[in-house]
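In this note's numbering, the protein residues as written are 657 to 1103.
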């Protein structure tokens, strides 16, 4: 016989499922969405706090030469006669760029050159005359000059030297002839004096004998006086001959002195003419230098080696005004730099030695090449763009050679565009997100 106990637990009703209750299903979905959103926000906040992003100041600019492009100008200008180069040509230092019309200058230089050659030839001739030389010694600058004008000047000087020398020689010969004639006259008078002296020697004993005979009364007085007159006449003749000889010897001395004075006068005149020619040569040399300088300045030459970046001239026949820039040359060996324009609002974040990333956006490449550089110059005052009115600070970035070699065979030229990113440090992502809002709130509260 069996015994059944009464049930102590009352069975529960069946639980309701999500499918059975729509409200319960919606709440479950909302809770799950909130959990997902919260997890996502938490992850973003964690990422914004942990993840740090590099900040940068962006500046637009261009490539430039470290020492700047050199502008070439002419001090006086003129009419263009010939242009020797074109843009992109490489020139050496001193190589002609263009030539101005110098026909007037060339004519003046030719005339001055001929005048100087003539003066040098006359100077050499006068030196030979002053020194009594037998021939002219021309200076090497004239003797080695192969031009026809120089040869003609020397030939004319030789001709004048020969003529003047012949004239002086003729005068000297005439003077010597006159001296010879006087000397012959002296010899004749000396002979006559000798004859008269011998006659006096013969008459004196005769006169003494006459006087003795007259004292004895053997001869008459008239006979004695006649002998005395003969003796006196002969003695007078001797004295007259002595006077003539002295006079003729004085004449010889005068002729010799005149010849010496004539030679001295010739040398003095040569010295005076030399002084005048020296003054003329000095003046002509100054004028020749000025003319040669003007002729040389008719050629505009490259002051340094480099590449002709720009030619700002008209065609042949155009006029260049004084000091007008006619060409721009990029000097060889000058490194290329980047000149960037930075907003005044960002300039406080830059400093010398700061690293920069340079991107050459103008290169025709699939990917824009980037190189590293370093800030080495920051302008102390802003520059105003006259066209737009915007102000900016000029910042110069130096790019090392090893960085430029990364560009391969790219030919960089001054003026190419370049974007520059100046690294300002690493900051959290949240600071970038909230900084504009915080700055705006600060300005709002200040207002």
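Backbone N, C-alpha and C define an ideal beta-carbon position, used for all residues, glycine too.
Contact check, residue i vs residue j, beta carbons under 9 Å
{"i": "residue 743", "j": "residue 967", "result": "yes"}
{"i": "residue 737", "j": "residue 757", "result": "yes"}
{"i": "residue 1030", "j": "residue 1011", "result": "yes"}
{"i": "residue 998", "j": "residue 715", "result": "yes"}
{"i": "residue 717", "j": "residue 1073", "result": "yes"}
{"i": "residue 818", "j": "residue 919", "result": "no"}
{"i": "residue 776", "j": "residue 795", "result": "yes"}
{"i": "residue 754", "j": "residue 982", "result": "yes"}
{"i": "residue 1014", "j": "residue 1057", "result": "no"}
{"i": "residue 1080", "j": "residue 1005", "result": "yes"}
{"i": "residue 976", "j": "residue 728", "result": "no"}
Where residue i falls, given that 16 or more other Cβ within 10 Å makes a residue buried
{"i": "residue 1052", "result": "buried"}
{"i": "residue 781", "result": "buried"}
{"i": "residue 993", "result": "buried"}
{"i": "residue 1070", "result": "buried"}
{"i": "residue 778", "result": "buried"}
{"i": "residue 1047", "result": "exposed"}
{"i": "residue 984", "result": "buried"}
{"i": "residue 940", "result": "buried"}
{"i": "residue 897", "result": "buried"}
{"i": "residue 842", "result": "buried"}
{"i": "residue 859", "result": "buried"}
{"i": "residue 719", "result": "buried"}
{"i": "residue 1042", "result": "exposed"}
{"i": "residue 867", "result": "exposed"}
{"i": "residue 713", "result": "buried"}
{"i": "residue 1027", "result": "buried"}
{"i": "residue 833", "result": "exposed"}
{"i": "residue 986", "result": "buried"}
{"i": "residue 772", "result": "buried"}
Nearest-angstrom Cα separation, counted from residue j out to residue i
{"i": "residue 792", "j": "residue 786", "result": "11 Å"}
{"i": "residue 908", "j": "residue 830", "result": "13 Å"}
{"i": "residue 816", "j": "residue 955", "result": "41 Å"}
{"i": "residue 838", "j": "residue 848", "result": "15 Å"}
{"i": "residue 917", "j": "residue 822", "result": "17 Å"}
{"i": "residue 911", "j": "residue 871", "result": "54 Å"}
{"i": "residue 760", "j": "residue 1078", "result": "Legend: pLDDT at residue 760 = 45, less than 50; position of this residue unreliable, no value from coordinates given."}
{"i": "residue 875", "j": "residue 888", "result": "20 Å"}
{"i": "residue 1045", "j": "residue 1034", "result": "21 Å"}
{"i": "residue 928", "j": "residue 921", "result": "10 Å"}
{"i": "residue 687", "j": "residue 693", "result": "10 Å"}
{"i": "residue 811", "j": "residue 913", "result": "34 Å"}
{"i": "residue 610", "j": "residue 957", "result": "Any property of residue 610 remains undetermined from this structure, which presents the chain solely from 657 to 1103."}
{"i": "residue 798", "j": "residue 925", "result": "24 Å"}
{"i": "residue 1061", "j": "residue 1054", "result": "14 Å"}
{"i": "residue 740", "j": "residue 960", "result": "16 Å"}
{"i": "residue 932", "j": "residue 965", "result": "53 Å"}
{"i": "residue 825", "j": "residue 915", "result": "11 Å"}
{"i": "residue 660", "j": "residue 690", "result": "Below a pLDDT of 50, predicted positions are generally treated as unreliable, and residue 660, at 46, falls in that range; no measurement from the model is reported."}
{"i": "residue 813", "j": "residue 938", "result": "20 Å"}
{"i": "residue 726", "j": "residue 749", "result": "13 Å"}
{"i": "residue 936", "j": "residue 801", "result": "20 Å"}
{"i": "residue 1065", "j": "residue 1059", "result": "13 Å"}
{"i": "residue 930", "j": "residue 807", "result": "21 Å"}
{"i": "residue 851", "j": "residue 784", "result": "51 Å"}
{"i": "residue 1037", "j": "residue 1019", "result": "31 Å"}
{"i": "residue 836", "j": "residue 899", "result": "19 Å"}
{"i": "residue 904", "j": "residue 820", "result": "30 Å"}
{"i": "residue 1007", "j": "residue 1039", "result": "18 Å"}
{"i": "residue 764", "j": "residue 809", "result": "Its pLDDT being 43, under 50, residue 764 is placed unreliably in this model, and the coordinates cannot settle the point."}
{"i": "residue 856", "j": "residue 865", "result": "14 Å"}
{"i": "residue 878", "j": "residue 861", "result": "18 Å"}
{"i": "residue 901", "j": "residue 934", "result": "49 Å"}
{"i": "residue 840", "j": "residue 846", "result": "10 Å"}
Expected contact under 8 Å - CB spacing of residue i and residue j to nearest Å
{"i": "residue 722", "j": "residue 990", "result": "5 Å"}
{"i": "residue 884", "j": "residue 863", "result": "6 Å"}
{"i": "residue 853", "j": "residue 894", "result": "5 Å"}
{"i": "residue 746", "j": "residue 963", "result": "5 Å"}
{"i": "residue 1025", "j": "residue 1063", "result": "5 Å"}
Cross-strand partners of residue i (DSSP beta bridge)
{"i": "residue 738", "result": "755"}
{"i": "residue 957", "result": "752"}
{"i": "residue 1033", "result": "1052"}
{"i": "residue 1075", "result": "716, 1015"}
{"i": "residue 967", "result": "983"}
{"i": "residue 852", "result": "Bridge partners of residue 852: none, in fact."}
{"i": "residue 727", "result": "984"}
{"i": "residue 1027", "result": "1014"}
{"i": "residue 995", "result": "718, 1052"}
{"i": "residue 1039", "result": "1048"}
{"i": "residue 907", "result": "Residue 907 pairs with nothing; no bridge assigned."}
Min CB distance residue i to chain D below 9 Å
{"i": "residue 785", "result": "Absent here is chain D; the protein component of the structure consists of one chain."}
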